[in-house]
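Down below is the structure, laid out as structure tokens.
Residue numbers (the working numbering): 1 to 234.
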């Protein structure tokens, strides 16, 4: 196998892993939200707890499973950060984002199918205001800083720290920590517990990207880069 052929096969596997991982993660977010709301009997705190625990647990599994294949990014904001740090190239980053979006939306449809809902939906859930945007900035800032810091100091702990951070951020942020442009877009296609009306999506994504870039600056201050960025590779 030539070097170019091997590189192509590696990229194809990475794209497939990002698509499948995003599908499973987003199906978990939507599906657990539907299940939690159904069983909680109107208690939104209990519903959110069910949604939180399921998402955190699945994140740990998926990052452990797919990190050796694709980096287990599942998130365009994280992909953008890795591109900025030159861990992945522009072409690979674009394919990763496309896979995350396509797989994620498919995951929403899988959740709808499992729970007997209409496959095609548009959310009407209101998530607006400066507090929500601040929550998304903080959530994404913390997520990216967690990833970069753990990759520098203890790479084997990335699945646990990412899962635990998101579990905590569901509760301490006003927005319940979307922290991911792809899942924000995908949630707009689900008029369920975890949804967001399309008109609020741009504000969330802008806050997420700002938080991610702020985290890169903070990481450069706190974890000065060495001669190579290899320590940020998965």
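Ideal placement from N, C-alpha and C gives every residue a C-beta, glycine not left out.
The ligand NAD heavy atoms versus the CB of residue 55: any closer than 7 Å?
-> This structure does not include the ligand NAD; it has no bound ligands of any sort.
Which runs of the alpha helix (DSSP H) fall wholly inside the region 45-77 and span at least 4 residues, in chain order?
-> Segments of the alpha helix (DSSP H) lying fully in the region 45-77: there are none.
Reduced DSSP category for residue 159 - H, G, I as helix; E, B as strand; rest coil | Of the three classes helix, strand and coil, the one that applies to residue 159 here is helix, per DSSP.
Under 8 Å, do residue 136 and residue 82 count as touching if we go by C-beta distance?
-> Taking 8 Å as the Cβ cut-off, residue 136 and residue 82 do not qualify as a contacting pair.
Separation of residue 4 from residue 183, as counted between CA atoms = Rounded to the nearest whole angstrom, the C-alpha separation of residue 183 and residue 4 is 32 Å.
Check residue 224 in the structure and name its three-state DSSP category.
-> Three-state DSSP puts residue 224 in coil, outside helix and strand.
Verify whether the separation of the beta carbon atoms of residue 189 and residue 110 is less than 8 Å.
-> No. Outside cutoff.
Best match in 112, 21 and 35 for proximity to residue 48 [C-alpha to C-alpha] | Out of 112, 21 and 35, 35 has the C-alpha closest to the C-alpha of residue 48.
Taking the alpha-carbon positions, what's the residue 26 to residue 222 distance?
-> About 32 Å.
By Cβ distance, which residues of its chain are closer than 6 Å to residue 212, with the 5 residues on each side in sequence left out?
-> Taking residue 212 as the centre and dropping the five residues before and after it, the same chain places the C-beta of 77, 81, 140 and 144 closer than 6 Å to its C-beta, in chain order.
Which of helix, strand or coil does DSSP assign to residue 9?
-> If DSSP states are grouped into helix, strand and coil, residue 9 belongs with the helices.
Use the C-beta contact count for residue 173: other C-beta atoms within 10 angstroms, 16 or more gives buried, fewer gives exposed.
-> It is buried - the Cβ of residue 173 has at least 16 other Cβ atoms within 10 Å.
C-alpha gap between residue 37 and residue 193, whole angstroms | So the alpha carbons of these two residues sit roughly 7 Å apart.
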